[in-house]
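J.: Sequence order for the protein chains is A, B and C.
Heads up: the first sequence begins at 1 in the numbering used here, then just goes up one per residue.
Heads up: the second sequence begins at 1 in the numbering used here, then just goes up one per residue.
Heads up: the third sequence begins at 1 in the numbering used here, then just goes up one per residue.
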Amino acid sequence: MSVKHLGEAYEYPSENRIERYGGDINFYVRWEQHLMFACPAAYRAPVAMPFGDFAEQMLRPDYAAHPDTARLDFARCVWKLDKAPWQPDLGKSIADNGIGHMSYIEFSAPGLDGLDGKGY
Amino acid sequence: MADKVFIALQNNADAQPIILAIAADNPEAVVVESPGMVKIDCPGRLVIRRASIEAQIGRDFDLQELHLNLISLGGNIDEDDDEFVLSWQR
Amino acid sequence: MAKGKKLGLKERYALMTRGLDWETSYQPMDAVFPYDHYEGIKIKDWDGWADPFRLTMDAYWKYQAEKERKLYAILDAFQQNNGQLNISEARYLSAVKLWLQGITPLEYAAHRGFAHAGRAFRGAGARIACQMQSLDELRHAQTQLHAFSHYNKFFHGFHGFAHMRDRAWYLSIPKSFFEDAMTAGPFEFVTSISFAFEYVLTNLLFMPFVSGAAYNGDMATTTFGFSAQSDESRHMTLGLEVVKFMLQQHEDNVPIVQAWLDKWFWRGYRLLGLVGTMMDYMLPKKVMSWQEAWGIYWEENGIALFHDLARYGIRLPKHHEVAAKEKHRLTHEMWLTLYQYGNALSLHTWIPDDAELDWMSEKYGASFDERYRPRLVYLREREQRGERYFNNRLPMVCQVCQIPVFYTEPDDPLVQCVRIVEAGGTKHHCCSDGCADIFRREPEKYVQALLPPQQIYRGEAGGARDIWEYAAWLHLEKDVDTGEYRGSPDQQHWAQWQQAHKATPADAA
Chain A
1 MSVKHLGEAY
11 EYPSENRIER
21 YGGDINFYVR
31 WEQHLMFACP
41 AAYRAPVAMP
51 FGDFAEQMLR
61 PDYAAHPDTA
71 RLDFARCVWK
81 LDKAPWQPDL
91 GKSIADNGIG
101 HMSYIEFSAP
111 GLDGLDGKGY
Chain B
1 MADKVFIALQ
11 NNADAQPIIL
21 AIAADNPEAV
31 VVESPGMVKI
41 DCPGRLVIRR
51 ASIEAQIGRD
61 FDLQELHLNL
71 ISLGGNIDED
81 DDEFVLSWQR
Chain C
1 MAKGKKLGLK
11 ERYALMTRGL
21 DWETSYQPMD
31 AVFPYDHYEG
41 IKIKDWDGWA
51 DPFRLTMDAY
61 WKYQAEKERK
71 LYAILDAFQQ
81 NNGQLNISEA
91 RYLSAVKLWL
101 QGITPLEYAA
111 HRGFAHAGRA
121 FRGAGARIAC
131 QMQSLDELRH
141 AQTQLHAFSH
151 YNKFFHGFHG
161 FAHMRDRAWY
171 LSIPKSFFED
181 AMTAGPFEFV
191 TSISFAFEYV
201 LTNLLFMPFV
211 SGAAYNGDMA
221 TTTFGFSAQS
231 DESRHMTLGL
241 EVVKFMLQQH
251 EDNVPIVQAW
261 LDKWFWRGYR
271 LLGLVGTMMD
281 YMLPKKVMSW
291 QEAWGIYWEE
301 NGIALFHDLA
311 RYGIRLPKHH
321 EVAAKEKHRL
331 THEMWLTLYQ
341 YGNALSLHTW
351 IPDDAELDWM
361 SEKYGASFDE
371 RYRPRLVYLR
381 EREQRGERYF
391 NNRLPMVCQV
401 CQIPVFYTEP
411 DDPLVQCVRI
421 VEAGGTKHHC
431 CSDGCADIFR
441 REPEKYVQAL
451 LPPQQIYRGE
461 AGGARDIWEY
471 AAWLHLEKDV
481 DTGEYRGSPD
491 QQHWAQWQQA
501 HKATPADAA
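1. In chain order, what residues of the same chain lie with their CB nearer than 6 angstroms to the CB of C:P528, ignoring the 5 residues before and after it?
2. In chain order, what residues of the same chain have a beta carbon less than 6 angstroms from the beta carbon of C:D252, not counting five sequence neighbours either side?
3. So what's C:E89 in DSSP terms, helix, strand or just coil?
4. Pull the bridge partners of A:K118 from the DSSP assignment, please.
5. Kindly list, in the order they appear in chain C, the residues whose Cβ is closer than 7 angstroms to that of B:A8.
6. Whose C-alpha, out of A:E11, A:R44, A:S108, A:L6, is nearest the C-alpha of A:R71?
7. Give the interface partners of C:N203 over in chain B, defined as CB-CB distance under 7 angstroms, in chain order.
8. Flag C:T17 as yes if its beta-carbon sits less than 8 angstroms from any beta-carbon of chain B, otherwise no.
9. Can you give me the C-alpha to C-alpha distance between C:M29 and C:D47, rounded to a whole angstrom?
10. Just verifying my parser: in three-state terms, what is the DSSP assignment at A:I94?
11. Which residue comes first and which comes last in the alpha helix (DSSP H) that contains C:S517?
12. When we look at the beta-carbon of C:P404 and count the other beta-carbons within 10 Å, is it buried (16 or more) or exposed?
13. Is the beta carbon of B:S87 sitting closer than 8 angstroms to the one on C:F206?
14. Just the Cα atoms here: how many angstroms apart are A:G100 and C:Y457?
15. Tell me, to the nearest whole angstrom, how far the beta carbon of C:Y199 is from that of C:L240; I am working on the premise that it is less than 8 angstroms.
16. Please check if any C-beta of chain A sits within less than 8 angstroms of the C-beta of C:N253.
17. Taking all protein chains shown into account, decide if A:Y10 is buried (16 or more other Cβ within 10 angstroms of its Cβ) or exposed.
18. Can you tell me whether C:I193 is helix, strand or coil according to DSSP?
19. So who's on the other strand from B:E83, going by DSSP bridges?
20. For C:S361, which beta-bridge partners are listed by DSSP?
21. What residue ranges within the region 405-483 of chain C form continuous beta strand (DSSP E) runs of no fewer than 3 residues, ordered along the chain?
22. Using the C-alpha atoms, what's the distance from C:G157 back to C:A355?
23. Using the DSSP secondary-structure output, state which residues sit across from A:F107 in a beta bridge.
24. Does the CB of C:G8 have a neighbour CB from chain B at under 8 angstroms?
25. Between C:A304, C:E188, C:A109, which has its C-alpha nearest B:N76's C-alpha?
26. Going straight from the alpha carbon of C:G125 to that of C:L247, what length do you get?
27. A:D53: beta carbon under 7 angstroms from a heavy atom of the ligand GTP?
28. Is C:N301 close to chain B? Criterion is C-beta to C-beta, closer than 8 angstroms.
29. What span of residues does the alpha helix (DSSP H) with C:C130 cover, start to end?
30. Are the C-beta atoms of C:I87 and some chain A residue less than 8 angstroms apart?
31. For the candidate residues C:V322, C:D308, C:K327, whose alpha-carbon lies nearest to that of C:I296?
32. So, with DSSP's three-state summary, where would you put B:Q10?
33. So which of C:A77, C:V242, C:L171 has the shortest CA-CA distance to C:H150?
34. Kindly identify the DSSP beta-bridge partner or partners of B:C42.
35. Please list the residues of the region 221-239 of chain C that have a C-beta atom closer than 8 angstroms to any C-beta atom in chain B, keeping them in chain order.
36. Any idea what DSSP makes of B:D78, helix, strand or coil?
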């Protein structure tokens, strides 16, 4: 389907196109079983940043409020990229791990299932 | 059972004779009061008769005066000078 | 017709709404009215359009004037008698702030939209109905601003609604809803606003919520709310009429109308989650739960309407069963979201007290006790030990409804629901199958959406780098307009005024 319209062709670029990020990209991350963080979180990061640095310097501080975070070990997590199983290399860059603009990352940490193990 | 039509009116003095007339003319109508409003549900069809309201208030009444105290309704409307009818088609 | 005989209602309506227009001669009608056929809706006879209320312009002025007189008499009395002191509690005003910020601008948008739709239709009956509605909507915007202006003298968070309308993340939800409708053709616009939104869904706003305002002592909101709703009845009737009109005119219109009903039911339902949260959480004295209201106004009254339309080949809107699965958890999930992003809201959030939690347990039963009550209690304990929880990271936002993606899977309340859609080689995210369907139907439209978190990251929100700078760009003062209710200036003022209000002359002496 497409938009019914009057006049010229109805064509517009994505408002959030990668060209507007000055070399960085915008992507999203969710920690499963931790609904205290109500939504997947949005990030802007340089593609050359090592993924391990991103995890420790950006993700971890965001989760500081949760009691599970002290025991969170990114090296032992189970990951998905755009809903497909994925094994990131923490030493490699965001780009080299295959993360692109508007990618969606999910991960779970074995043994950490939220407050009282109830997903929050 | 037929789907219910409904009308809701502000719960004020002006609306009381209208509510009484509706209750008298529609034996199956159920009047539910909430803060500030009255909702009247009725299976299938509900009629508001000008003559019944006039009998309550002792003066001429134009059915379009309903607009002043109307809150909401559900159903197909058929209105003329004498009756305001809400119904779902069977 | 006998001389001097009073005309009947039906005759008056026919005389006052027919034969007022003319066939154009310098230009073809299709060129003068390009908007009323490009959507694919086929109309054989515009005179098939009738307003069942048969309201003519003279009667419209007469009754609207009477409503205004009543309304302003009450607003004057409310202001002169310090009506703001009679509300149940100052936190109730979070609901009123959300109304002012989120809903009042929609009234104004509706005024514009119906002015446009009135110009776009070639049938005189439709044009007159749109003209009246356009005037109504302007009236609603004005009376709401007038009523709320009194609260602005005493409480924080009312100051920036016009500034925030084009900036605030949570106000992009209602704004995008209306802009989606206004950028569609006139038939879709009227279907979306008059039918799907006003007939099917706004009863939930104007009936249980306004009744709740009455219960919480808010005479200003109750009065304009019900005064506006009496216009709303006319709009709903117009909405049902336009849908029946399209369906009766040509069978080719049926699938087009069905697609619009599917789309606008879902968009309206998503938007109304905010209203449900107002009912369940923001009213200190509660009237009816969202789940109960949904049962009455959608499952009973709304579905009756769709049964009535079945004779034209219309079925229930897609994904209505998802709404049923979400009804016991929608408001809890939404409030927990607003609570953690309360650092960028022009209203306060809080954890309900024990009596309110008991009310929710009674209304929502085991699922509330199992999942949401423990979360609320945990957050309250944190707050009491000085660790009030805020989420400082910007959320993913749905590309269609623009709501932060907090909803859980229809069949799994522990897993967030995220749908990935693609257009033009770029991925986008939706909160539900309902929104993903809407995206896929018109991807070129939704890729243009301006989503606040992305806007911030692109440096287009006044250069704000985090949620605190963003709040300042919204003209929000931290912990005054925003944040936790307990300990806020609004709460402290309220306590002082209540103390003074209760003091007897003997106390003063």
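We treat Cβ as the ideally placed atom computed from N, Cα and C, and that holds for glycine.
Owing to the predicted nature of the structure, the values given are computational and were not obtained by experimental measurement.
T.: Reading from the atomic positions:
1. The displayed coordinates of chain C run from 1 to 509. Any statement about residue 528 of chain C would go beyond what the structure contains.
2. So the qualifying residues of the chain are K42.
3. coil
4. In DSSP, A:K118 forms no bridge with anything.
5. M207
6. A:S108
7. Those are S72, listed as they occur along chain B.
8. no
9. 16 angstroms
10. coil
11. The structure shown does not extend to residue 517 of chain C, since chain C is modelled only from 1 to 509, so the question has no answer here.
12. Buried: at least 16 other Cβ atoms inside 10 Å.
13. No. Outside cutoff.
14. 16 angstroms
15. 6 angstroms
16. no
17. exposed
18. In the structure shown, C:I193 falls within a helical segment according to DSSP collapsed to helix, strand and coil.
19. B:R49
20. Per DSSP, none; premise fails for C:S361.
21. 412-416, 419-423, 426-430
22. 27 angstroms
23. A:W31, A:W79
24. At least one chain B Cβ lies under 8 angstroms of C:G8.
25. C:A304
26. 17 angstroms
27. Within the structure as shown, the ligand GTP is missing, as the structure has no ligands at all.
28. Yes, its Cβ sits closer than 8 angstroms to a Cβ of chain B.
29. 124-152
30. no
31. C:K327
32. strand
33. If we check each option's Cα against that of C:H150, C:A77 comes out closest.
34. The partner list for B:C42 (beta bridge, DSSP) reads B:V5.
35. T222, F226, Q229, S230, E232, S233, R234, M236, T237
36. Of the three classes helix, strand and coil, the one that applies to B:D78 here is strand, per DSSP.
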